[in-house]
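Read the structure below first, then the notes.
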DNA sequence: CGCGCAACGGCAACTTCCTGCCACACTGAC
DNA sequence: GTCAGTGTGGCAGGAAGTTGCCGTTGCGCG
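Residue numbers (our numbering), protein chains in the order written: chain A, 32 to 243; chain B, 32 to 243.
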């Protein structure tokens, strides 16, 4: 294959989509990582009918996405059609690798749109793949991970609502018909899912993921 | 003037802009309220050269916008060219009133875009104006308000950064070369500015305003 | 200089939040 | 039925965050 996409910077998701869509269609191996589903690679409601046996797609997300019922459902759909979905406990920058050759890395946020760096180099791809694979190994398959997650997700919307309303634990617990102890357990689980170590951080993350 | 814009729902900011831009140009009295500057009415970098003596523009915002250096600068620019800018201590839905006749109210967020309701009725305008005026009276003029705000704004970016990073007050204070007491004072001021009563809520608000 | 003023930061008392421990209730397997 | 496993919620002790108080410091002004 010739160098279809030279090493370059792409200035927006739309541009990235326009320029690389054909690569995705053609690729026999797609690996990607993202924090949420608000990216072109994942948001397109295009659950391909069924994957060919020789096409392998791996997607890796943070636990936080599972807090959103719609996102979670989308991931299960993907899983259903043969996409390999895993949940990573670690923070990971948005990354896409195609056929161990093309690499797309998310870069700076310029204004409201994000820049992307596109590399067409098997050297770069090899390096990045190593890292990706390492992260992949410690990530858990969606189904395993999500088994213990369904209940929290069911509660999450209301939980986030009371949290975002600024109520104290005492009143919030009453609101949700929970004991204070249990309420705080839920909050702790939520924070773990969001990878947050303070409530302020949790608030930021929740908002980032569009959960509030 | 005939009914240029019938009572209707407009589905996005772009559509709203397209349909009502001419009204803004023609209006001799414009009153608006918004939580932040990420709206079409305010984001357009179009600080009109100078207002005519007979055109009055009032804009009302929440204190939070002053935490962003760029937003604050923009507001002062507006103030400079004769726009009447005030800071409201109360939560206010996005509202625009033109010539006591046309009213635009922000509605539901559908997906990623916001809907707006446009009314062309002096009855509606009269009612809404009453409410607007009441809020306007308790709001403080930008210059008065911002006098005591400049220092906090200077610190805000770093403050928000350590908060969003999830550090404890102890380490955060050290990071910023502040005593813990002073650090917490700043956090308290920040939360007041954001209208938040819990750190989670503050995190959400900060993210909403694009401060982190 | 002395004075007033505002910001700082330590201290302390208080509230809110976090978490381990444990008794209790419920459920499913046997 | 017993039993183990799981979720709940009270309690307690500690960590983190909030706030008033007050002595100290630094700055401008007369």
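Yeah, the Cβ is synthetic: ideal placement off N, Cα and C, and Gly gets one too.
Taking Cβ positions only, does residue i come closer than 7 Å to chain B?
i	result
residue 50/A	no
residue 137/A	no
residue 224/A	no
residue 235/A	yes
residue 243/A	yes
residue 65/A	no
residue 32/A	Note that residue 32/A scores a pLDDT of 46, beneath 50, so its modelled location is shaky; the value from the coordinates is reported in the next line. Not an interface residue.
Strictly under 7 Å for the Cβ-Cβ distance: is residue i near chain A by that measure?
i	result
residue 232/B	yes
residue 238/B	yes
residue 187/B	no
residue 76/B	Confidence is the limiting factor: at residue 76/B the pLDDT is only 49, short of 50, which leaves the residue's position unreliable, though a coordinate-based value still follows. Residue 76/B does not count as touching chain A.
residue 229/B	yes
Enumerate in chain order the residues of its own chain whose CB-to-CB distance from residue i is below 7 Å, with the five nearest sequence positions on each side excluded.
i	result
residue 171/A	117 and 118
residue 257/A	The question about residue 257/A has no answer, for chain A in this structure spans 32 to 243.
residue 160/A	128 and 131
residue 215/A	200
residue 105/B	68
residue 158/B	none
residue 11/A	With chain A covering only 32 through 243, there is no way to say anything about residue 11/A.
residue 191/A	237, 242 and 243
Please return the same chain residues whose Cβ sits closer than 8 Å to the Cβ of residue i, not counting the five positions on each side in sequence.
i	result
residue 138/A	40, 145, 146, 147 and 148
residue 166/A	64, 91, 119, 121 and 123
residue 201/A	211
residue 155/A	134
residue 186/A	207 and 217
residue 141/B	42
residue 152/B	38, 132 and 134
Measure how close the beta-carbons of residue i and residue j come, nearest whole angstrom, since I'm counting them as under 8 Å.
i	j	result
residue 197/A	residue 228/B	4 Å
residue 123/A	residue 91/A	7 Å
residue 99/A	residue 240/A	7 Å
residue 243/A	residue 195/A	5 Å
Considering only residues of the same chain and omitting the five flanking positions on each side of residue i, which have a CB-CB separation below 6 Å?
i	result
residue 115/B	89
residue 94/A	118 and 224
residue 183/A	220
residue 66/B	93
residue 76/B	At residue 76/B the pLDDT is 49, less than 50, meaning the model places this residue with poor confidence; the figure from the coordinates comes in the next sentence. Around residue 76/B: no qualifying Cβ.
residue 125/B	65 and 137
residue 42/A	146
residue 222/A	233
residue 176/A	118
residue 107/A	none
What does DSSP give as the partner residues of residue i in its beta bridges?
i	result
residue 90/B	63/B and 116/B
residue 126/B	64/B and 136/B
residue 148/B	40/B and 136/B
residue 171/B	118/B
residue 141/A	144/A
**Contact set between the segment 191-222 of chain B and chain A, restricted to residues whose Cβ is under 8 Å from the partner** = Cβ contacts with chain A come from 194, 195, 196, 197, 198 and 199.
**Where the segment 84-110 of chain A meets chain B: residues whose CB sits under 9 Å from a CB there** = Answer set for the segment 84-110 of chain A: empty.
**Message:** Beta carbons nearer than 7 Å to chain A: which residues of the segment 153-164 of chain B have them?
**Reply:** Result list empty, no residue passes.
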